[in-house]
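Participant: Dumping the structure here so I can ask a few things about it.
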Amino acid sequence: MTETPPQSVTAELERARDDYLAVSRGAHLYASPADHEEAERRAWERLELALAAAHQVEQQTAGSA
284 MTETPPQSVT AELERARDDY LAVSRGAHLY ASPADHEEAE RRAWERLELA LAAAHQVEQQ
344 TAGSA
């Protein structure tokens, strides 16, 4: 298994958070409420994956210290 550098994981987490907030606040930009809900769901899932990856790196870093 390849290790992901902590900086890369942090950057992805920040991007995922920023993207989720942009989608969440931008409901007026979507053609329908359903389109917005789908985009928000996908953004939330991406944020959850990024959080999980950051948590895993944090545990790996703590375990190797």
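Just so we're aligned: the sequence shown equals residues 284 to 348 in the numbering used here. Virtual Cβ for every residue (Gly too), placed ideally from N, Cα, C.
1. In angstroms, rounded to a whole number, what distance separates the CA positions of Ala-299 and His-311?
2. Would you call the CB atoms of Ala-322 and Val-340 closer than 7 Å?
3. Within its chain, find whatever has a CB closer than 7 Å to the CB of Ala-333; leave out the 5 residues flanking it on each side and keep chain order.
4. Taking all protein chains shown into account, do 16 or more other C-beta atoms lie within 10 angstroms of the C-beta of Leu-330, making it buried, or fewer, making it exposed?
Facilitator: Concretely, from the data shown:
1. 20 Å
2. no
3. Glu-295, Leu-296 and Ala-299
4. buried
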